[in-house]
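Student:
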Amino acid sequence: MLHMPGVTLQRRHPRLLKHQQTFLNQLREITGINDIQVLQQALKDSNGNLELAVAFLTAKNAKVPQLEEATYYQTALPGNDRYISVGSQADTNVIDLTGDDKDDLQRAIALSLEESNRAFRETGITDEEQAISRVLEASIAENKASLKRTHPEVWSDSPNPYDRKRQDNCPVGLKNVGNTCWFSAVIQSLFNLLEFRRLVLNFNPPANAQDLPRNQKEHRNLPFMRELRYLFALLVGSKRKYVDPSRAVEILKDAFKSNDSQQQDVSEFTHKLLDWLEDAFQIKAEEERDGEKPKNPMVELFYGRFLAVGVLEGKKFENTEMFGQYPLQVNGFKDLHECLEAAMIEGEIESLHSENSAKSGQEHWFTELPPVLTFELSRFEFNQALGRPEKIHNKLEFPPILYLDRYMHKNREITRIKRDEIKRLKEYLTVLQQRLERYLSYGSGPKRFPLVDVLQYALEFASSKPVCTSPVDDLGASAPASGTLPPQIPPSTIEQQGPSCSDVPSTSPVQRSVIHKPFTQSRIPPDLPMHPAPRHITEEELSVLEGCLHRWRTEVENDTRDLQESISRIHRTIELMYSDKTMVQVPYRLHAVLVHEGQANAGHYWAYIYDHHQNRWMKYNDISVTKSTWEELERDSFGGYRNASAYCLMYINDKEQYLIQDEFNKETGQILVGMDTLPSDLRDYVKEDNKRFEKELEEWDAELAQKAQQEKLLSQIPRAPAPSPAPVQAGEPEYLEQPSRTDISKHLKEDSVQAINKALAEQEDRGPEAIMDTAIKLEYTRLLKLAQEDPPPECDYRLRHAIVYFIQNQAPKKIIERTLLEQFGDHNLSFDERCRNIMKVAQAKLEMIKPDEVNMEEYERWHQDYRHFRETTMFLMVGLEYFQKKSYMEALLYLIYAYQNNKELLSKGPYRGHDEELISHYRRECLLKLNEHAAALFESGDDQEVNNGLIIMNELIVPCLPLLLVDEMEEKDIVAVEDMRNRWCSYLGQEMEPNLQEKLTDFLPKLLDCSTEIKGFNDPPKLPSYSTHELCERYARIMLSLSRTPADGR
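Residue 420 is where the sequence shown starts when you use the numbering used here, and the numbers rise one by one after that.
1. Would you mind reading off the limits of the beta strand (DSSP E) that contains histidine 1287?
2. Could you pull out every residue in the same chain whose Cβ sits closer than 7 Å to the Cβ of arginine 617, ignoring the five residues on either side in sequence?
3. Does leucine 1248 get closer than 8 Å to chain C when you measure Cβ to Cβ?
4. Determine whether the beta carbon atoms of leucine 1311 and leucine 1369 lie at a separation below 8 Å.
5. Straight-line CA distance for glutamate 984 to glutamate 787?
6. Could you check where the beta strand (DSSP E) with proline 1006 kicks off and where it finishes?
7. Taking DSSP as the reference, what is the three-state secondary structure of alanine 1230?
8. Between which residues of its own chain and arginine 1201 is the CB-CB distance below 7 Å, once the five residues before and five after are set aside?
9. Pop quiz: methionine 1308 and leucine 1375 are said to be a contact at Cβ under 8 Å. What is the actual Cβ separation, rounded to whole angstroms?
10. Tell me, to the nearest whole angstrom, how far the beta carbon of methionine 1037 is from that of glycine 656; I am working on the premise that it is less than 8 Å.
11. I need the DSSP call for proline 1140, collapsed to helix, strand or coil.
12. Who are the Cβ neighbours of asparagine 611 in its own chain at under 6 Å, not counting the five residues just before and after it?
13. Comparing C-alpha positions only, which one of Arg1331, Leu726 and Gln1182 sits nearest to glutamate 782?
14. Around the Cβ of threonine 1291, are there at least 16 other Cβ atoms within 10 angstroms (buried) or fewer (exposed)?
15. Is valine 749 helix, strand or coil when you go by DSSP?
16. What three-state label does DSSP hand asparagine 1373 in the structure shown?
17. Quick one: what's got a C-beta closer than 8 Å to tyrosine 1216's C-beta in the same chain, skipping five residues either side?
18. Taking only three categories from DSSP, how would you classify arginine 1035?
19. Report back the beta-carbon spacing between glutamate 1335 and lysine 1322 to the nearest angstrom; my notes put them in contact at under 8 Å.
20. Do you know offhand how far leucine 796's Cα is from isoleucine 833's?
21. For histidine 990, does the three-state DSSP call read helix, strand or coil?
22. Would you mind sorting lysine 810 into buried or exposed? The rule is 16 or more other CB atoms within 10 Å of its CB.
23. Consult DSSP for tyrosine 1216 and reduce its assignment to one of helix, strand or coil.
24. Comparing alpha-carbon positions, which option in Asp1184, Ala1174 and Leu1203 lies nearest threonine 1193?
25. Would you mind working out which of Pro1443, Leu613, Tyr1199 and Tyr1060 sits nearest leucine 1295, comparing C-alpha positions?
26. Quick check on DSSP: helix, strand or coil for arginine 1331?
27. Counting C-beta neighbours from all protein chains within 10 Å, is the total for threonine 1447 16 or more, i.e. buried, or is it exposed?
28. Looking at the secondary structure, which residues open and close the alpha helix (DSSP H) in which lysine 1264 lies?
29. Among the candidates Gly1244, Ala1127 and Phe643, whose CA atom is the shortest distance from the CA of valine 1172?
30. Whose CA, out of Ile989, Gly751 and Glu1344, lies closest to the CA of glutamine 852?
31. Under the rule that 16 or more other beta-carbon atoms within 10 Å means buried, what is serine 1306, buried or exposed?
32. Taking only the alpha-carbon atoms, compute the straight-line gap between proline 651 and arginine 1102 and give it to the nearest angstrom.
33. Could you please give me the residues that DSSP links to glutamine 781 through a beta bridge?
34. Distance, Cα to Cα, arginine 1041 vs serine 603?
35. Tyrosine 1318: which of Asp1421, His1333, Arg970 and Ile986 sits nearest, CA to CA?
36. Could you give the distance in angstroms between the alpha-carbon of phenylalanine 1357 and the alpha-carbon of lysine 1425?
Written out as structure tokens, the structure is:
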């Protein structure tokens, strides 16, 4: 034991120091018990076996042990190393540590260390790690058999390798290989710490461990380090959009001894990962040490120390502890500083400031902060009534820059002063808020009103024009004559009323008899007051009362304003309490936020990671890596808004720039990027993988080229001449289905003939060219008029003619002119001599148009867009028809394609497509109704119906969710997704058959996957063919029916 001035520094087993807080936090999280005395006693009584401790604490009939006060603090007393045995030992080895016998204490330590060392020599794995694995399995698989999954979800790769090709220098994603979003979130957060990345990439396995690892730990950790190096190298230099982490994951899963389908806990995985990395680097450090104590870079990067300062019955103590992830409780706190304040103070702390108090308590002060500081937010608690863990969805705010000066040991005196001042201010604030509440909620009944409003209402009542009679008398006087008289007022009542109305000065006119008017009687007579008013009040009384009410209201307004300003000042003072220069010297910048969406038993993880070079947030969601914003991070991470909230926060020391600085070439001084940052062995590994991927691309290109060649050869085979064009019959497919625009529909043919007839009537003696010019002008004028009209929704003139669509979208004049010439040059106009002559003139003019006069590629694009518009219209129309028939499964696919096609059209211009909100509404309603139907099938409990419900969810709804989440401006879509998820997550708290629980656990991760990666759909549904007339008619019919239907919040 080393003695320092004022501090007792314990020489203890380093693993025990590091894990002790984790053990207690695990027990607190799993059992929902926050009493530290109960937790420590349970851990002690179970000989450190956490699984037994959990069973003991969660047993229904277990009695909470009655503890003496000394039990809680015995581990922190001077002369005690706070050692907690976590090995499973026989009763004969249990030693009573509650007494004062120091020999017993030393024997307990020696025995525990002997047991741990023996197990370590045999397996290389400490008892603590075995205990952590047991408690991890208990927390993950709370319902054991009911949480098994037979078919874990695995991402399927697109057959087109170009879909999997990395774009420029976009960060590389990680493939989800079966409920491994937890792995992706943690690994990406660590990979983007450049110092950590360098340590992993430049790790060289120790020479003496290459051939034969000495124990199980080396046999496990060193292969994992090899796979982690390969994985990091691929994340640096791969040409793939995402890479497969299966080999590293498999090693981890073997260690966790859990089913493939069980979803790991991020904090536990991070804890285990850092342990393994620490062990691997320790092996290397011990090999390279030269007589000095080896330094472990993982410990220096992620582990810090705090001083526990306590008092027990007037006796002070100080102990130093090491910590890695720092656990924080979320429940009951609004921001990160409140969580930290609560975590740093345990019990009554007044005794720390006085010599003569018998109260007990302890404070924690950071003595050494790690460069990378990770906070584990405890968002799960055990519901003992239900016998299962539940997630805490409370909102918890955290800042992008966190100043930790107030928690540092060197600042403890000034912090204590400030804490006392804040406590005093908060007490004063409570008094002011109570006083303000009395002003804002005035009254003694169940309903309360602001006092200033009460006085204002009283003033308005007093100032109202007096009336002469009661409201009942007024109604009686205005009632129709029906032989009944109003009730007579007893004389006594009149005497009690004091002076009659005539004695009171009034400006009101003499009341007239009201004539009964059957249809206007409900109107209020003009001489009756709109509100109740006093009947008997003198001018002197009114003057005094108004003066009092005015004065009182002014006084109340001033008092309320003073209270509000005082409260605001105190809030501001508290906020700025730690803003002076001496308390902003230890800044930590938020580096990564690990988010969990779902419930305690199921969910999905992703990470927001700050790009320190581009100064922006990135969202890492398995294979999807996208740009993000602080606003999106707030919405997903703070909690309280939806089922998503932060579960782990990773801050880095803002003054330690080496954590995020790029590596430089020692010779040239230039920044090393990409493959240049890799050691030679990893560079070769990545090059080989990139070659394999390039080969995939080449094979794909060759396959496409072969198909194109085959199609070209087929097209060169001579075919029989096509029959001469014949007039299109009514009802045949036209614009939408025809491969050629020259196969004009009956509708357009009739329009052309009408224009020609009008032109002939105006210029009968002119030649064919002049008549054609006039006909084209008449047709254009007609179409221009349609384009300029503002028709009702059921009448969309764009469907009648492409020219209307072109005019509304400002197509070039040359495009419109050529389209009109093609209309009049079509062969279907050859049915009589006059039309045939005009057709020939139009064809001749088409042939005279030079290539440089009309851009044919642009011309084709405009007509392709119009075909796309008509196709979108038909998707929408058929989808709405199915929706009205309540055929939601059939409607959904049509509405999905209508929305996607329409969105593409609208990206080119506001008049290119249909009302996006309309399509979005019915697409959303379709999904909600299908979700309700699927949930009802699941609730039935019948195997066939349950399977049908899950088929609906897996094949229809789940693939559609990314479509709703991809556009974050569509708040209604996001809310709808949350409603659907909440409906299914609500089943987690209900009792159900094991087979249903198994299916639910299998399905929920897919539903809760927040990836916005659009998965492929089936081919679009086949569209029927309609003539223009039929299309316009059916479109009008469906739109009219929608206008008669309630909008349902649209």
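For each residue, glycine too, the CB sits at the ideal point set by N, CA and C.
Tutor: Let's see:
1. DSSP places histidine 1287 outside any beta strand (DSSP E); the residue lies instead in the alpha helix (DSSP H), whose first and last residues are 1275–1303.
2. Excluding sequence neighbours, arginine 617 sits near Glu1082.
3. Reference to chain C is not applicable here, since this structure consists of a single protein chain.
4. No, the pair does not count as a contact, with Cβ atoms beyond the cut-off.
5. C-alpha separation (whole angstroms): 41 Å.
6. DSSP places proline 1006 in the uninterrupted beta strand (DSSP E) bounded by 1006–1017.
7. Note: alanine 1230 maps to coil in three-state DSSP.
8. Here the set comprises nothing.
9. Indeed, because the Cβ distance is near 7 Å, the residues count as touching under 8 Å.
10. Not really, about 18 Å apart at Cβ, beyond 8 Å.
11. Confidence at proline 1140 is low in this model, with a pLDDT of 47, below 50, so its placement is unreliable and no value can be given for it.
12. Counting only residues of its own chain and dropping the five nearest sequence neighbours on each side, asparagine 611 has a CB closer than 6 Å to the CB of Ile1028.
13. Answer by Cα proximity: Leu726.
14. Looking at its Cβ environment, which holds 16 or more other Cβ atoms inside 10 Å, threonine 1291 is buried.
15. Under the three-state reduction of DSSP, valine 749 is assigned to coil, being neither helix nor strand.
16. In the structure shown, asparagine 1373 adopts helical secondary structure according to DSSP, grouped into three states.
17. Excluding positions up to five away in sequence, the list reads Leu1205, Ala1206, Glu1208, Pro1210 and Val1223.
18. In this structure, arginine 1035 counts as strand in the three-state DSSP scheme.
19. The pair is a contact, with the Cβ atoms about 7 Å apart (cut-off 8 Å).
20. Cα to Cα, the separation comes out at about 28 Å.
21. When secondary structure is reduced to three states using DSSP, histidine 990 falls in the helix class.
22. Burial call: buried.
23. In the three-state reduction of the DSSP assignment, tyrosine 1216 falls in the helix class.
24. If we check each option's Cα against that of threonine 1193, Ala1174 comes out closest.
25. The shortest C-alpha separation from leucine 1295 is found at Pro1443.
26. In this structure, arginine 1331 counts as coil in the three-state DSSP scheme.
27. So threonine 1447 counts as buried.
28. Residue range 1252–1267 is occupied by the alpha helix (DSSP H) that includes lysine 1264.
29. Nearest of Gly1244, Ala1127 and Phe643 to valine 1172, Cα basis: Gly1244.
30. With respect to the C-alpha of glutamine 852, the residue from Ile989, Gly751 and Glu1344 having the closest C-alpha is Ile989.
31. It counts as exposed.
32. A small fix is needed here, since residue 651 is phenylalanine in this sequence, not proline. A straight line joining the alpha-carbon of phenylalanine 651 with that of arginine 1102 spans about 11 Å.
33. In the DSSP output, where bridge partners are listed per residue, glutamine 781 has Gly729 and Glu765.
34. In the sequence under discussion, the amino acid at residue 1041 is aspartate, which differs from the arginine named in the question. Cα to Cα, the separation comes out at about 6 Å.
35. For tyrosine 1318, the nearest C-alpha among the options comes from His1333.
36. Roughly 16 Å between the two C-alpha positions.
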